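Notes follow once the structure below has been shown.
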Amino acid sequence: NAKLAEGTVKKIDKSAGKLTIAHGPQESLGMPAMTMVFRAAEPGMLDQVKAGDKIRFAVEKVGGALTVTSLEPAQ
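Position one of the sequence shown corresponds to residue 3 (our numbering), numbered consecutively onward.
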């Protein structure tokens with residue numbers, strides 16, 4: 003189970019099933035803080051957020067692609 007990271011949704015591309023997130027360091031993936039595009043594991047996840055939302059999310063490699071496997075509003 004991946005650890006939740008915090009970030010801010012910058013853009014949502016429902017047709018591609020992707021979202022852009024500005025996030026802090028992802029220790030589990032050895033990734034520094036950056037803004038990048040992730041695939042959403044489920045299309046419905048994109049209906050839960052909008053640009054500007056602060057979220058907590060988990061990222062895992064699925065089929066070689068960095069994929070958001072869970073997300074929730076940041077507290």
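Where is the CB? At the ideal position from N, CA and C, for every residue including glycine.
This structure is a prediction, so every number in the text was calculated from the model and none was measured.
task = Check the DSSP bridge columns for residue 12 and list the partner residues they point to.
result = Locating residue 12 in the sequence shown gives position 10, where the first residue counts as 1. DSSP lists no bridge partner for residue 12.
Pairwise C-alpha distance: residue 22 and residue 69 = Residue 69 sits at position 67 when you count from the first residue of the sequence shown. Residue 22 sits at position 20 when you count from the first residue of the sequence shown. Their Cα atoms are separated by approximately 11 Å.
message = DSSP has residue 28 in a bridge; who is on the other side?
response = To locate residue 28, count along the sequence shown from 1; it is residue 26. For residue 28, which the question treats as bridged, DSSP gives the partners 33.
query = Counting pairs of beta carbons, one from the segment 48-56 and one from the segment 30-37, are three or more of them closer than 8 Å?
reply = Output reads no: the segment 30-37 does not touch the segment 48-56.
inquiry  = Measuring straight from C-alpha to C-alpha, what distance separates residue 7 and residue 47?
reply    = As a position in the sequence shown, residue 7 is number 5, starting the count at 1. As a position in the sequence shown, residue 47 is number 45, starting the count at 1. Whole-angstrom Cα-Cα distance: 16 Å.
ask   = Secondary structure at residue 73, three-state DSSP: helix, strand or coil?
value = For the purposes of this step, residue 73 is taken as residue 71 along the sequence shown, with counting starting at 1. The answer is strand: DSSP assigns residue 73 an E or B state.
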